[in-house]
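Input: a single structure, listed below in structure tokens.
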Amino acid sequence: MSRFVTPVALRGERWARVEPLSVEHIPEMEETVRHSDNESLWFTTAPTPGQVDQWVHRMLEMQAGDQGVTFVVRRLDDGALVGSTSMFHVDAANRRLEIGHTWYAPSVRRTGVNSETKLLLLGHAFDTLGCVAVEFRTHFFNSASRAAIERLGAKLDGVLRSHQITADGVRRDTAVYSIIDIEWPAVRANLRYRLDRYEQGG
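The working numbering runs 562 ahead of the 1-based position in the sequence shown.
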């Protein structure tokens with residue numbers, strides 16, 4: 563196995579820190595999910611009440627198979643577990659991976675948590691792992707996710723039509739975005755600018 567991506571803890575300066583997912587996070591995550599709107603997000607695979615245990619074990623199986631690593635996201639000021647995100651679809655030979663399976667508690671939306679989390683993960687991917695490209699994929703109809711990805715500076719590579727069949731039998735079209743290594747300095751500067759704006763209340 564390549565172990566191109568391994569569990570690591572990363573800490574931001576103001577908003578967020580991430581740590582590798584473990585079964586010990588289940589009780590805390592159940593509480594977070596109970597107060598979330600994940601059940602209404604039909605276009606995602608975010609955990610819902612009653613499914614956290616199953617979801618956590620599925621993510622850990624992915625990690626055991628050397629297919630990626632899932633992290634919990636904590637708010638930096640109080641340490642509360644406020645979401646989760648993953649590095650997966652790892653292609654070590656071509657130094658590529660995808661960041662996704664991301665969800666947050668409503669309380670941290672429109673704060674700096676997501677921007678700083680992306681800054682941490684992208685910095686790890688490009689600066690530490692030496693990635694050539696990082697992908698982001700989302701449901702074609704997930705307009706909020708697509709807008710957030712585009713605000714990062716990721717470019718649309720295309721749409722995979724009838725890419726997946728969901729649990730209820732509906733075909734999913736998947737929008738595929740990416741950031742490549744030569745774009746990372748500009749993306750990093752943009753993320754830092756956005757975090758400065760959060761600090762200033764703008």
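Glycine included, every Cβ here is placed at the ideal spot set by N, Cα and C. Fair warning: this is a prediction, and the values are worked out from it, not measured in the lab.
- Query: How would you label His663, buried or exposed, when you count the other beta carbons within 10 angstroms and need 16 or more for buried?
  - Reply: The residue in question, His663, is buried, as its Cβ has 16 or more Cβ neighbours within 10 Å.
- Task: Ignoring anything shorter than 4 residues or poking outside the stretch 612-636, list the alpha helix (DSSP H) runs there in chain order.
- Result: List check, alpha helix (DSSP H) in window: 614-626.
- Message: Spatial neighbours of Asp758 within its chain, please: C-beta separation below 8 angstroms, excluding the five flanking residues on both sides.
- Response: Result list for Asp758: empty, nothing under 8 angstroms.
- Spatial neighbours of Tyr760 in its chain, beta-carbon cut-off 6 angstroms, leaving aside the 5 residues before and after: So the qualifying residues of the chain are Gly674.
- Reference Leu572; option with closest CA among Val635, Pro589, Gly630, Glu623: Nearest option by C-alpha distance: Val635.
- In the structure shown, what three-state DSSP assignment does Arg754 receive? In this structure, DSSP gives Arg754 a helical state, which the three-state scheme calls helix.
- Query: Beta carbon of Val652, beta carbon of Val595: below 9 angstroms?
  - Reply: For Val652 and Val595, no; Cβs fall outside 9 angstroms.
- Assign Pro582 to one of three DSSP states: helix, strand, or coil. Strand, per DSSP.
- Query: What is the DSSP secondary structure of Phe605, reduced to helix, strand or coil?
  - Reply: Caution applies to Phe605, whose pLDDT of 48 falls short of 50 and renders its modelled position unreliable; the value that the coordinates give is listed next. Reduced to three states, the DSSP call for Phe605 is coil.
- Task: Would you mind working out which of Ala667, Pro582, Ser740, Thr679 sits nearest Pro609, comparing C-alpha positions?
- Result: Closest option to Pro609, judged by alpha-carbon separation, among Ala667, Pro582, Ser740, Thr679: Ala667.
- Task: Could you check if Val585 is buried or exposed, using at least 16 other CB atoms within 10 Å of its CB as the buried criterion?
- Result: Answer is exposed; the Cβ neighbour count stays below 16.
- Task: Go ahead and label Ser539 buried or exposed: buried means 16 or more other beta carbons lie within 10 angstroms of its beta carbon, across all protein chains shown.
- Result: Any property of residue 539 remains undetermined from this structure, which presents the chain solely from 563 to 764.
- Nearest-angstrom Cα distance between Glu745 and Val696? Going from the Cα of Glu745 to the Cα of Val696 covers about 11 angstroms.
- Query: Is the CB-CB distance between Ala751 and Thr679 below 9 angstroms?
  - Reply: Taking 9 angstroms as the Cβ cut-off, Ala751 and Thr679 do not qualify as a contacting pair.
- CA-to-CA distance, Glu592 to Val614, given in whole angstroms: Looking at the two C-alpha atoms, the distance is approximately 6 angstroms.
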